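Trainee: Numbering (the working numbering), first residue to last: 35 to 252.
From the three backbone atoms N, C-alpha and C, an ideal C-beta is built for every residue, glycine too.
Computed from a predicted model, the values in this text were never measured in an experiment.
Below are the structure tokens for one structure; questions will follow.
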Ligand code: DX5
Ligand code: ZN
């Protein structure tokens with residue numbers, strides 16, 4: 035059974051009205067805040083860093099799900115723990131010693147996530163799936179909001195779900211990028227537990243209704 039959670043991505047919020055947008059998410063049916071940290075090296079874009087997360091944390095009342103799109107994320111594990119991240123996700127492609135990184139995240143008191151770029155096979159996680167709390171399947175190439183959903187994601191989610199079941203693990207599956215009301219239910223049906231949505235939520239006239247439409251439509 036999938037849990038059907040929604041994690042609005044703050045990257046698509048209005049940074050000049052951040053407190054207002056955070057309160058909208060607090061009062062909505064959303065489950066988590068998704069925070070995209072980009073370094074301009076691992077991905078071709080820079081988003082924001084610690085000072086902005088600190089401001090978000092001041093008002094956010096839900097789980098803080100941090101997605102690090104940075105090289106050498108080990109350097110910042112303690113920083114994000116201190117900032118109050120509940121889940122810290124690193125990229126498979128950025129971690130030559132993934133097992134060590136995962137252990138460091140957990141030792142710092144956070145849940146550990148691993149994100150996979152669109153070309154990365156889910157089977158690369160076969161020997162570490164037990165240690166991972168969440169796998170974030172990228173359904174766009176990371177770096178920007180508002181991109182087009184990659185259709186092969188359904189197959190990846192299904193293969194990942196089978197791997198998790200087969201290994202008797204309790205890892206959550208998150209899908210990130212291009213999520214709309216056109217693909218949300220199909221993704222939940224394929225085995226996704228959490229859907230990240232940026233532009234679909236914050237470009238909507240009523241973000242709260244947009245969140246509910248992702249969570250409850252069938
Ligand atoms: C992409 C980010 C996503 C992004 C999602 O690199 O990881 O979380 O904010 O935005 P949308 O939903 O607009 O694709
Ligand atoms: Zn993200």
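Alpha carbon to alpha carbon, what distance is there between residue 94 and residue 149?
Mentor: What you label residue 149 is simply residue 115 of the chain shown in a count that begins at 1. What you label residue 94 is simply residue 60 of the chain shown in a count that begins at 1. About 23 Å.
Trainee: State yes or no: is the C-beta of residue 211 within less than 8 Å of the C-beta of residue 183?
Mentor: Within the chain shown, residue 211 is the residue found at index 177, counting from 1. Within the chain shown, residue 183 is the residue found at index 149, counting from 1. Going by C-beta atoms, residue 211 is nearer than 8 Å to residue 183.
Trainee: Grab the span of the alpha helix (DSSP H) containing residue 192 for me, first residue to last.
Mentor: The residue given as residue 192 occupies position 158 in the chain shown. Taken as a continuous stretch (DSSP letters only), the alpha helix (DSSP H) holding residue 192 covers 187–200.
Trainee: State the Cα-Cα distance for the pair residue 190 and residue 205, rounded to the nearest angstrom.
Mentor: Locating residue 190 in the chain shown gives position 156, counting from the first residue. Locating residue 205 in the chain shown gives position 171, counting from the first residue. Approximately 15 Å between the Cα atoms of the pair.
Trainee: If you drop the 5 nearest sequence neighbours on each side, which residues of the same chain put their C-beta closer than 6 Å to that of residue 97?
Mentor: For the purposes of this step, residue 97 is identified with residue 63 of the chain shown, where counting begins at 1. Excluding positions up to five away in sequence, the list reads 66 and 120.
Trainee: For residue 83 and residue 230, what's the separation of their Cα atoms in angstroms?
Mentor: For the purposes of this step, residue 83 is identified with residue 49 of the chain shown, where counting begins at 1. For the purposes of this step, residue 230 is identified with residue 196 of the chain shown, where counting begins at 1. The straight-line gap from Cα to Cα measures roughly 19 Å.
Trainee: Taking 8 Å as the threshold (C-beta atoms), are residue 163 and residue 138 in contact?
Mentor: Your numbering for residue 138 matches position 104 in the chain shown. Your numbering for residue 163 matches position 129 in the chain shown. Contact flag unset, no.
Trainee: How is residue 97 classed by DSSP in three states: helix, strand or coil?
Mentor: To locate residue 97, count along the chain shown from 1; it is residue 63. Strand, per DSSP.
Trainee: Rounded to whole angstroms, what's the CA-CA distance from residue 35 to residue 123? Just pull it up for me.
Mentor: In the chain shown, residue 35 corresponds to position 1, counting from 1. In the chain shown, residue 123 corresponds to position 89, counting from 1. Note that residue 35 has pLDDT 46, beneath the 50 cutoff, so the model's placement of it is unreliable and no number is given.
Trainee: Taking only heavy atoms of ligand 2 into account, decide whether any of them is closer than 7 Å to the Cβ of residue 43.
Mentor: If you number the chain shown from 1, residue 43 lands on position 9. Yes; taking the cut-off as 7 Å, the Cβ of residue 43 has a heavy atom of ligand 2 nearer than that.
Trainee: In the DSSP assignment, the beta strand (DSSP E) including residue 42 goes from what residue to what residue?
Mentor: Stepping through the chain shown from its first residue, residue 42 is reached at position 8. Per DSSP, residue 42 belongs to the beta strand (DSSP E) from 39–42.
Trainee: What residues in its chain sit with their C-beta under 8 Å from that of residue 46, if we drop five residues either side in the sequence?
Mentor: The count along the chain shown starts at 1 and reaches residue 46 at position 12. Answer for residue 46: 179, 180, 232, 233, 235, 236 and 237, listed in chain order.
Trainee: Just to confirm, is the Cβ distance from residue 103 to residue 125 under 8 Å?
Mentor: Counting from 1 along the chain shown, the entry for residue 103 is found at position 69. Counting from 1 along the chain shown, the entry for residue 125 is found at position 91. Taking 8 Å as the Cβ cut-off, residue 103 and residue 125 qualify as a contacting pair.
Trainee: Could you spell out the range, first to last residue, of the beta strand (DSSP E) harbouring residue 124?
Mentor: Position 90 of the chain shown, counted from the first residue, corresponds to residue 124. First-last of the beta strand (DSSP E) with residue 124: 121–125.
Trainee: Buried or exposed for residue 74, going by 16 or more other Cβ atoms inside 10 Å?
Mentor: The residue given as residue 74 occupies position 40 in the chain shown. Flag for residue 74 reads exposed.
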